[in-house]
Amino acid sequence: MCSALLVGSLLSCAERLAPGELSIVATSTYTSRKPIQLPCFDRTDSMDLPRTKSIDLTLGDFRLLPPKAGNCPAERLALEGCHFDAAALLPRCPRLRVLQVGPNAKLASDSSRTIHYLPLLEELVLEDCIDGLRFHIVAPMLNHLSLFTHIKDASVSAENLEKLSLDCSRNLYNIELGNMGGLREVMLWIFRYRHRLLIHKGVRTLMQQLPHLRLLSVNISLQRMTAFKGLIDENAFVGLQKLPKTSMLMLQLSTFGHRYRKTVLLLLKMFEGIEELIMLIDSPKSQEVSAPGFHCSNEVWTSEDLSLPLLKKVEFKGFTGSKSAVYVLKLLLTSAKVLEQMTVTLCNKDSTGYEGRKQQLFNIFNSYPTVKCQVLHA
488 MCSALLVGSL LSCAERLAPG ELSIVATSTY TSRKPIQLPC FDRTDSMDLP RTKSIDLTLG
548 DFRLLPPKAG NCPAERLALE GCHFDAAALL PRCPRLRVLQ VGPNAKLASD SSRTIHYLPL
608 LEELVLEDCI DGLRFHIVAP MLNHLSLFTH IKDASVSAEN LEKLSLDCSR NLYNIELGNM
668 GGLREVMLWI FRYRHRLLIH KGVRTLMQQL PHLRLLSVNI SLQRMTAFKG LIDENAFVGL
728 QKLPKTSMLM LQLSTFGHRY RKTVLLLLKM FEGIEELIML IDSPKSQEVS APGFHCSNEV
788 WTSEDLSLPL LKKVEFKGFT GSKSAVYVLK LLLTSAKVLE QMTVTLCNKD STGYEGRKQQ
848 LFNIFNSYPT VKCQVLHA
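Heads up: the sequence shown begins at 488 in our numbering, then just goes up one per residue.
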């Protein structure tokens, strides 16, 4: 627990030293609510002397003010836990290229009334901020936008934006994306809640604004699956029906030991036009389990359930030899009629049964001589 006076003194000392990188972690005392002034760190215009280019401030419950005079030369600014007025602070950081806000940061209400022009900003990360954010940004050089917090109202104009990352469980209301013609990669983080995949309505609305993508990365966690009785079925994937079209799909699935073959089948049905597939399966338990009410063993799926007419290349990382892994492998080989190449990476080389899993793969591949198959070790 620190006072505002102590933290302010640390920043003053840092200003005199002008380190290339500065990181301070402090939590305010209950009785200390005085604001902290961010130094300008700009002692000289000479390029021969060191400048503070990266600032990380984790200031629990402190209020951060912009420099009294001059501009801050930082190119990277990470603010966690503090309260600040973006309308007052950001114009004083004209060289900013990376801005990370949160967790537990709070923007003043006046910030939402200003259109923030950030001419050099290349990356913006908003994570677990207090209250739903309202902001409007024009950033012509912005390349990567990450939204991992609740948002009430926002607009982003970024003609060079290439990557967009979203936590689909967040309330993302009234987000307008302008000049998104260059967007090529979208990364989605999706978590299971009860018997559904948690995808907020605002996310589905946002998805409709996106163009055809080069890469769509979908990260799904089945961790909460065992806590509820419920079947995984088509209804669990309703929120994914509005996802943009993509040429390459990257599916990262954390199974926590659960059977995942039907999850993969239903997902692939929504992306039958893909040309390339990358699957990364994180399955820490060798023995698959089912959630209450989820009985895979009594169901039969065939290759007729899926058609992937354009799929030419597949990478399968994390093959364990489980029933789900074998099923998915055979499903891809039989459903992709023009498949040219498949690469499978085995996991846990030192585990029991490793050689058996490798032989199992070779036996499967021998039935598909027209596909160039390769087995790699993790």
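Ideal Cβ placement from N, Cα and C applies to all residues, glycine included.
In chain order, what residues of the same chain have a beta carbon less than 6 Å from the beta carbon of S741, not counting five sequence neighbours either side?
For S741, where only same-chain residues beyond five positions count, the Cβ hits under 6 Å are S708, D769.
What would DSSP say about S644, mapped onto helix, strand or coil?
Strand.
Alpha carbon to alpha carbon, how far is R746 from V776? Give it in angstroms, no decimals.
In this prediction, V776 scores a pLDDT of 48, lower than 50, which makes its location untrustworthy; no coordinate-derived value is stated.
Near A565, which residues of its chain fall below 6 Å by C-beta distance, leaving aside the five closest residues on each side in sequence?
Here the set comprises D543, Q587.
So G665 is in the beta strand (DSSP E); what residue range does that whole segment cover?
Run containing G665: 662 to 665, per the beta strand (DSSP E) assignment.
Straight-line gap, L611 to H631 (C-alpha atoms, nearest Å)
If you take the alpha carbons of L611 and H631, they lie about 6 Å apart.
Tell me which residue opens and which closes the beta strand (DSSP E) that L736 is part of.
For L736, the enclosing beta strand (DSSP E) begins and ends at 733 to 741.
G669 in three-state terms, based on DSSP:
Coil, per DSSP.
Determine the direct distance from the alpha carbon of L546 to that of I677, and round the result to whole angstroms.
Answer to the nearest angstrom: the Cα atoms are 30 Å apart.
For the alpha helix (DSSP H) holding Y841, just list the boundary residues, first then last.
Residues 841 to 852.
Just grab the DSSP bridge partners of F571 for me.
In the DSSP output, where bridge partners are listed per residue, F571 has L551, L594.
What residue from K756, V815, L816 has the CA that sits closest to P796's CA?
Minimum Cα distance to P796 is reached at K756.
Tell me which residues share the same chain as C616 and place their Cβ nearer than 8 Å to its Cβ, disregarding the 5 neighbours each side in the sequence.
Excluding residues within five positions, the ones whose Cβ falls inside 8 Å are V588, G589, P590, N591, A592, K593, L594, T636, H637.
Report the three-state DSSP secondary structure of N785 (helix, strand or coil).
Residue placement at N785 cannot be trusted, given a pLDDT of 42 that sits under 50; what the coordinates show is reported in the next sentence. N785: coil per DSSP, three-state reduction.
Once you ignore the five residues that flank Y855 on each side, which residues in its own chain have a CB closer than 6 Å to its CB?
If you ignore the 5 residues before and after Y855, its C-beta comes within less than 6 Å of the C-beta of L820, all in its own chain and listed in chain order.
With DSSP as the reference, identify every bridge partner of K800, one or two as the case may be.
According to DSSP, which records beta bridges pairwise, K800 is partnered with E763, Q828.
Residues bridged to Q695 (per DSSP):
None, per the DSSP bridge assignment.
Do you know offhand how far L577's Cα is from S642's?
Separation of L577 and S642 (C-alpha to C-alpha, rounded to the nearest whole angstrom) is 17 Å.
Please determine, among R701, N658, C569, G669, the residue with the shortest C-alpha to C-alpha distance to T692.
Minimum Cα distance to T692 is reached at N658.
How many Å lie between I719 and S704 at the Cα?
Confidence at I719 is low in this model, with a pLDDT of 49, below 50, so the placement of that residue should be treated as unreliable; the coordinate-derived value is given next. Roughly 21 Å between the two C-alpha positions.
C860, enclosing beta strand (DSSP E) - first and last residue:
First-last of the beta strand (DSSP E) with C860: 859 to 864.
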